[in-house]
Each structure stands twice: as structure tokens, then as C-alpha cells.
Amino acid sequence: MNQNNKAESRLAATGPTQFPVERFAETPTPFYYYDIALLRATLEAINRGADHDGFHVHYAVKANSNPELLKVIAGAGLGADTVSLGEIEAAIAAGFAAADVVFAGVGKTDREIAEALRLGVGCLNVESAEELEVIISIASEMGVKAPVALRVNPEIDAHTHHYITTGLAENKFGIAMSMLPALMERCREAQEVDFRGLHFHIGSQITDLTPYRILCERINALQEEYAGYDIPTLNVGGGLGIDYDHPDEHPIPDFEAYFGIFAECLKLRHGQELHFELGRAVTGQCGSLISRVTYVKQGVGKRFVITDAGMTDLIRPALYQAHHKIENLTSQSDHCERYDVVGPICESSDRFGESELLPVTSRGDLLAFRSAGAYGEVMASQYNCRSLPGKLYDF
Ligand SMILES: *Cc1c(COP(=O)(O)O)cnc(C)c1O
Numbered sequence: 024m025n026q027n028n029k030a031e032s033r034l035a036a037t038g039p040t041q042f043p044v045e046r047f048a049e050t051p052t053p054f055y056y057y058d059i060a061l062l063r064a065t066l067e068a069i070n071r072g073a074d075h076d077g078f079h080v081h082y083a084v085k086a087n088s089n090p091e092l093l094k095v096i097a098g099a100g101l102g103a104d105t106v107s108l109g110e111i112e113a114a115i116a117a118g119f120a121a122a123d124v125v126f127a128g129v130g131k132t133d134r135e136i137a138e139a140l141r142l143g144v145g146c147l148n149v150e151s152a153e154e155l156e157v158i159i160s161i162a163s164e165m166g167v168k169a170p171v172a173l174r175v176n177p178e179i180d181a182h183t184h185h186y187i188t189t190g191l192a193e194n195k196f197g198i199a200m201s202m203l204p205a206l207m208e209r210c211r212e213a214q215e216v217d218f219r220g221l222h223f224h225i226g227s228q229i230t231d232l233t234p235y236r237i238l239c240e241r242i243n244a245l246q247e248e249y250a251g252y253d254i255p256t257l258n259v260g261g262g263l264g265i266d267y268d269h270p271d272e273h274p275i276p277d278f279e280a281y282f283g284i285f286a287e288c289l290k291l292r293h294g295q296e297l298h299f300e301l302g303r304a305v306t307g308q309c310g311s312l313i314s315r316v317t318y319v320k321q322g323v324g325k326r327f328v329i330t331d332a333g334m335t336d337l338i339r340p341a342l343y344q345a346h347h348k349i350e351n352l353t354s355q356s357d358h359c360e361r362y363d364v365v366g367p368i369c370e371s372s373d374r375f376g377e378s379e380l381l382p383v384t385s386r387g388d389l390l391a392f393r394s395a396g397a398y399g400e401v402m403a404s405q406y407n408c409r410s411l412p413g414k415l416y417d418f
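Residue numbering for the sequence shown follows the working numbering, beginning at 24 and increasing consecutively.
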């Protein structure tokens, strides 16, 4: 099924995004609005798409650790991919079984490692030889076996696919291919290690599936190279992108095509498990940041819409030059004008859009910044002594 069919089935199931504007009018702005029905439909599409032997999907908690969303995701049967003790605790509190929690990250502290082992997380994804030795000594002191996977940089050429930013040798993440033989051997001989497998993550917001085909080929080659080793699981990371420009046309990513690539191209060994850890693709489209227009300011040759939401509520535009589709939910005008949409924070990068075409916009209008369910609320700050954004849910 392509994205359009997916979109149609979602529209048939829940209707196009109909914002409850009357509820919004009574809610102090800015706030995050979560369409939980869309999250559920997305999770159903994931479970359908991943219905292949040995496939297991984890949710990358860093994309959005909102407890209401975590509960729904745990309820759909996904595991959790975490990068701190705080995220491990949030996942367990939301109902994920510790055994379904994976702990990743380049800078796990001794305390985090000990707590993860005590709580019984399913796997620690190790990112360096130094970290492996620390885990071995902590496990030895505790008298436990540490479940460990090695995160490998598949070294997929950045020039072929410039958007792959985390799978390269010079990156701070993961273990270089050249160091892998020694670490595989160390995992095999160390009494304290329960070797779980190999982990790969090639980047984020990937919308062309070709890099995943290349990843499969790399992994197939590695599996042959390490034919003598038991590798119970492979973890191919996350990174599947969403359509930021057309959230209503493509509210749900094409999971069938995504998982289908791995089913087609990756040669799993008998009984081997294949793990995925998707973040943005799970929660990105179900969230919008809702904001009220404080002023429409006439500048010299430019008109500014100044919103009560700023980069403290949604930092992606300032941090990554990302763009979220902006909708005016209350303008009655059928005439459009161009505006720069900016926040109130004392930073020039506090800007959501340049020369945005919006229906004639006035003070008091409600705007929606779409596709803000991932890397939105979790990155909010209190810079400028601001309050954190509120939340509103549609279940
Ligand atoms: C961030 C991250 C993910 C999730 O990435 P998305 O682009 O949100 O899918 C998965 N795995 C690892 C190791 C990550 O760092």
C-alpha cells in the first residue's frame, strides 16, 4: 500500500485533521495538542507493516517521552529504546517491561549502567571499547551478566547520501568497523557478557528508502564475515522520516514499504531477531503546537506575525532550520497574505517561517504548527524565564 492509500484509510477511519478549535479557544496558549486517535492508527500501521518473522519494533523515547503517549505506545506492544536512566524510568513507569527496554548512548555513567542492570533492561547498546570494559567491571561487581549489543558504524558513504549523519567513521556515535573484531572477541570471552548482537543507526528524517537497502547489504556482508559468531539479534535503528510539508496527505508513513525493504533485502539467520527503533515516524504527525497571535506587526516592506509560542516551545526551526507547516485555524478570510512568523524570544533564530502564505491574520488568531509530535515538547526549555508549553489530548 502506498502512502496515499494509507492516508485514505486513515481518513476513512478518523476523518481529516479536524482541530477542536472551540476547546482550543478555552485553553491557555501555547500548548501541544495530541491526536491520540492518529497515534493509535499509526501504531496499527506499524504492527501491520512489521508483521514479518522475527521483527520487533521499539519506540525511541527521546522523540517524545510524554507519559500519555508512552502509555499508548507500550499498550500497542512496542519496546522502548532509551538514552538515559530518566528515559528508562519513564518507559517502565508507562508500562514497558524492563526486558523490552534497550539502553543506548555514548555517555552512559557508572550509575546509569548499574541501575540499568539492576532493573533488568533487555540490552545495553555499547558505543566504545572503553564503555564495554566499564560494563564488564560493573557486572562483575554486581555478580550479573550484562546483556550487550555493539553499535557499529556501517560507514555508508555520506557523498552518496548526504542526509546520513550518524553512521560514519568520524562520528562520535558507535564503533568503527576496524575495531569490531577485537570487541566481538572480547564479548565472546568475557564471562560477564551476554552478547545480544549488533546495532546500527544511520541517521534521521530519511525519506528515500535507498540507504536502508545499502544498510541491508552491509549487514549481510558482516553476517558472512562473522559466520563463526552467534548473533541473536540485529538492530537496524530508526530514522524513517515523515512528510512535514503535507501532514494531512501523509499522516502515516509508508511502514509497509519500510519494513518490506528489510524483509526483502536482509538475510536473517535462522531464529535471528530483527529490531527497529523508530522515533519520529511514530509520534511526529500526531502532535501540533497551538499558539495565539499576539501582534501582526507592519515592518518596512515586511509583515510579521508574532506568536506567543517561541523557540522555547519548538526549537527545531532554530536548531535545524526545520520547517513546520503553519495553519491559521481561526481566520475567516479567503484572501492570503505573506508573513514572517516569529516568536517572542530575544534571539533572531526564533522564527517559524519566512514569507509564509496565510489567510489574512489578526491579533488573537490561533495558529497550528503541524508535525510537532517528535522532538518538540521534549526539547522545550524555560529560556527567558518562560513557562513550559501546556498539553491537550484528543483520545
Ligand atoms: C534518535 C535515535 C533513534 C530514533 O530516530 P528517529 O529519527 O526519531 O526515528 C533511533 N536509534 C538511535 C540510536 C537514535 O539515536
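Positions of the beta carbon are idealized from the N, C-alpha and C atoms, including for glycine.
query, result
"Sheet register partners of Arg326 (DSSP bridge)", "Gln321"
"Neighbourhood of Arg386 by C-beta, 8 Å cutoff - its chain only, sequence neighbours within 5 removed", "Val316, Thr317, Tyr318, Val319"
"Beta-carbon proximity list for Tyr362, same chain, < 7 Å, skipping 5 on both sides", "Arg326, Phe327, Val328, Glu379, Leu381, Thr384"
"Proximity of Ala172 and Leu221 at Cβ, strictly below 8 Å", "yes"
"Check whether Ser163 and Glu215 have beta carbons under 8 Å apart", "yes"
"Three-state secondary structure (DSSP) of Ile115", "helix"
"Distance between Glu272 and Gly72 (C-alpha atoms, nearest Å)", "19 Å"
"Ala395: first and last residue of the uninterrupted beta strand (DSSP E) it sits in", "No beta strand (DSSP E) holds Ala395; DSSP gives it neither H nor E."
"Heavy atom of ligand 1 within 7 Å of Gln308 beta-carbon", "no"
"Minimum C-alpha distance to Asp217 - residue among Met402, Glu248, Tyr252", "Tyr252"
"Outcome for Val44 when other beta-carbon atoms lying within 10 angstroms are tallied against a minimum of 16", "exposed"
"Same chain, Cβ closer than 8 Å to Cys210, neighbours up to 5 away in sequence not counted", "Leu155, Val171, Leu173, Val216, Phe218"
"Best match in Pro177, Asn87, His81 for proximity to Glu400 [C-alpha to C-alpha]", "Asn87"
"Identity of the residues DSSP links to Thr256 by a beta bridge", "Gly220, Glu296"
"Three-state class that DSSP yields for Ile198 in the structure shown", "strand"
"Inside the segment 79 to 106 only - alpha helix (DSSP H) runs reaching at least 4 residues", "90 to 98"
"Assigned secondary structure, Glu377 (DSSP; H/G/I helix, E/B strand, else coil)", "strand"
"Proximal residues to Gly376 (C-beta, below 6 Å), its chain only, five neighbours per side dropped", "Ile349, Val364"
"Contacts around Thr330, its chain only, beta-carbon distance under 8 Å, and the 5 residues preceding and following it disregarded", "Pro53, Ser314, Arg315, Val316, Thr317, Val364, Val365, Gly366, Pro367, Phe375, Leu390"
"Local conformation of Pro367 per DSSP, three classes", "coil"
"Residue closest to Ser202, alpha-carbon to alpha-carbon, out of Ile254, Phe223, Tyr281, Asn176", "Here residue 202 is Met; the residue named in the question, Ser, does not match the sequence. Minimum Cα distance to Met202 is reached at Asn176."
"C-alpha distance - Tyr56 paired with Ile275, whole-angstrom precision", "17 Å"
"Residue(s) in a DSSP beta bridge with Arg315", "Leu389"
"Contact check, Ile237 vs Phe223, beta carbons under 8 Å", "no"
"For Cys146, the residue or residues it bridges with in DSSP", "Val125"
"Near ligand 1: Glu138 beta-carbon under 7 Å from a heavy atom", "no"
"Pairwise C-alpha distance: Ser107 and Asp133", "12 Å"
"Nearest-angstrom Cα separation, counted from Gln246 out to Glu240", "10 Å"
"Burial state of Thr105, where buried means 16 or more other Cβ atoms lie within 10 Å", "buried"
"Close beta carbons around Ser404, own chain, < 6 Å, minus the five adjacent residues each side", "Thr335"
"Among Ala250, Glu110, Ala114, the one whose alpha carbon lies nearest that of Gly98", "Ala114"
"Ser201 CB to nearest heavy atom of ligand 1 below 7 Å", "no"
"Cα-Cα separation between His347 and Glu91, rounded to whole angstroms", "23 Å"
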